[in-house]
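The sequence shown begins at 26 in this note's numbering and counts up by one.
Just so it is clear, CB atoms sit at the ideal spot from N, CA and C, and this is done for glycine as well.
Just so you know, these numbers come straight off a predicted model, no measurement behind them.
Taking it in order: structure first as structure tokens, then the write-up.
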Amino acid sequence: PQYLNNFMMQPQTWTTGNVIVDVEINVYYDCVQHEDSVELILGRVDVYGHKETTPYIGNASSSKAIRSKRKRGLRPLSPKRVLQHAAQKIVPILMPRTIKENKSPRQSKEIDFPTLRSDEVPAPPLLDLSEVSSSGREGPRRNVSLAPPPPPKETPLRFLRAGKNDPVEGRRRYEQTLAWRTDFGMDDIIKEAHPNFDTIQENYIQYYHLRGRNNEPVWYEKPPKVNMKGLRDSKIGQDELIRYYAMLTEFGWQYLEQDDNQQSISVIDMEGIRIADFVGEVVDISRKLSAAICDHYPERAGYVFIVNVPYWFNAIWKVAKHFVDEATLEKIKILRGQTEIRNALMERIPIENIPPEYGGMSVPLGESPEEHVLGEFMKHNNALERGECPCGGVSGGCRFCTWKPVRSY
26 PQYLNNFMMQ PQTWTTGNVI VDVEINVYYD CVQHEDSVEL ILGRVDVYGH
76 KETTPYIGNA SSSKAIRSKR KRGLRPLSPK RVLQHAAQKI VPILMPRTIK
126 ENKSPRQSKE IDFPTLRSDE VPAPPLLDLS EVSSSGREGP RRNVSLAPPP
176 PPKETPLRFL RAGKNDPVEG RRRYEQTLAW RTDFGMDDII KEAHPNFDTI
226 QENYIQYYHL RGRNNEPVWY EKPPKVNMKG LRDSKIGQDE LIRYYAMLTE
276 FGWQYLEQDD NQQSISVIDM EGIRIADFVG EVVDISRKLS AAICDHYPER
326 AGYVFIVNVP YWFNAIWKVA KHFVDEATLE KIKILRGQTE IRNALMERIP
376 IENIPPEYGG MSVPLGESPE EHVLGEFMKH NNALERGECP CGGVSGGCRF
426 CTWKPVRSY
């Protein structure tokens, strides 16, 4: 306890990382800077040692890995001793002035960390949000007057709610999103050229389609209809797909809907899904996309309808729902049968806004005003990139050239 108390009471400049304090010990940790202290968050601790001295705490990923460790003279540590071992072995080892940072098991280098004396170690300043720009990606020069406003210094309400009203966690998520937007160049992504836009649309079925009863944007997606072969034949890889999806998401929350606290309605159509589809490239991409949306567009999901599920899906859902928090679980409905789907959608979406594919009276999917303006925007960007756009890309040239994002977070 004395080590933990001393550490958390003194300002530190340590950052998230994987630190090796011994050749056979991995410590995953994070530090959260408070106004007058630093909170140490100790994550997973992987400890490996010879059986004569230290047993190991580890998450071996396969029986082969376990056998390998045993051959090296290592043995597992029982769960009951994990906390005791961490207190006795790990926390004291974090304190010495010199420890090792892991670059690879064979390439460690000595790092001289500051001592715990507060007069020698100044507290790291919080991120100055006024200096954050989200246009880290190279691209066409942008008219400064059309740049989005700088991000607010106060944590936006969405991030605070996503952090369960914990101001520290909400702030951490907010700054993480600002860094991601800078790295990904999100402020410019809608105005970029997307030369494979039409090809991806044909093979990756997803649409914006009108509004819900509370003016929520409605999003339809058909994961089983993704044509990975067609995408590969067009030399479109995962990175381009992820950037395309990020562009669609940004378009929805910057161009179509500008209320920072509005939420959406999602309809995920699972018609044609097979058990074999739960593994493979489509699931891998979907997992990455979902993680990015959850991390960087928090509190945007209002309702999620998973429709046209096969009979065996309920068995999978009974297991999967235990890993979903209650607040999210309340937003999700699993639906089968045309009547059940239509009635459930009508509770949230007017019948005249539901596409005929789901028993509604609107235009078909892909023919909504939102999809038309998205297609025109991308045609404009692609023509501008080729030097064929009549407006020339100058301010005042057309409605797309004069548009600017409403936020930079």
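Specify whether the stretch 235 to 242 and the stretch 289 to 297 touch according to this definition: at least 3 beta carbon pairs, one from each stretch, less than 8 Å apart.
yes
Would you say P323 touches the ligand FMN, meaning its beta carbon is less than 7 Å from a heavy atom?
Within the structure as shown, the ligand FMN is missing, as the structure has no ligands at all.
For G384 and K313, what's the separation of their Cα atoms in angstroms?
32 Å
How would you write the range of the beta strand (DSSP E) that S433 sits in, first residue to last?
From DSSP, S433 is part of no beta strand (DSSP E); its letter is neither H nor E.
Take V329 and list the residues in its own chain whose beta-carbon comes closer than 6 Å to its own, dropping the five residues that flank it on each side.
S291, K356, I357
Which residues in the same chain have their Cβ closer than 8 Å to the Cβ of N221, if we skip the five residues on either side of it in sequence?
S259, I261, E265, Y269
S315 burial status per 10 Å Cβ neighbour count (16 or more: buried):
exposed
Can you tell me whether G195 is buried or exposed, with buried defined as 16 or more other CB within 10 angstroms of its CB?
buried
Helix, strand or coil: which one does DSSP assign to Q283?
coil
Report all residues from its chain with a CB closer than 6 Å to the CB of A218; omit the five preceding and five following residues, and keep chain order.
N406, N407, E410
DSSP state of D223, grouped into three classes?
helix
Going by the beta-carbon positions, is the gap between P173 and S433 smaller than 8 Å?
yes
Apart from the five residues just before and just after E275, which ones in its own chain have a Cβ nearer than 7 Å to its Cβ?
M211, I214, I215
Between which two residues does the alpha helix (DSSP H) harbouring H397 extend?
394 to 410
Taking DSSP as the reference, what is the three-state secondary structure of S235?
Note that residue 235 is Leu in the sequence shown, not Ser. L235: strand per DSSP, three-state reduction.
Taking all protein chains shown into account, decide if L185 is buried (16 or more other Cβ within 10 angstroms of its Cβ) or exposed.
buried
Which parts of the stretch 249 to 313 are runs of the beta strand (DSSP E), unbroken and 3 residues or longer, counting only runs that do not cross its ends?
289 to 294
If I measure Cβ to Cβ from Y272 and keep anything under 7 Å in the same chain, skipping five residues before and after, which residues do I get?
Reading off the sequence shown, one finds Met at residue 272, where the question assumed Tyr. For M272, where only same-chain residues beyond five positions count, the Cβ hits under 7 Å are I214, I215, H219.
In whole angstroms, give me the CA-to-CA distance for D350 and K189.
12 Å
Helix or strand or just coil, what does DSSP make of L390?
coil
In this structure, how does DSSP classify E194 when only helix, strand and coil are distinguished?
helix
Do the stretch 222 to 232 and the stretch 246 to 253 meet, that is, are 3 or more Cβ pairs less than 8 Å apart?
yes
Between the CA atoms of E413 and R361 - distance to the nearest angstrom:
48 Å
Please report the Cβ distance between V332 and M295, rounded to the nearest whole angstrom; I am assuming they are in contact, meaning their Cβ atoms lie under 8 Å.
7 Å
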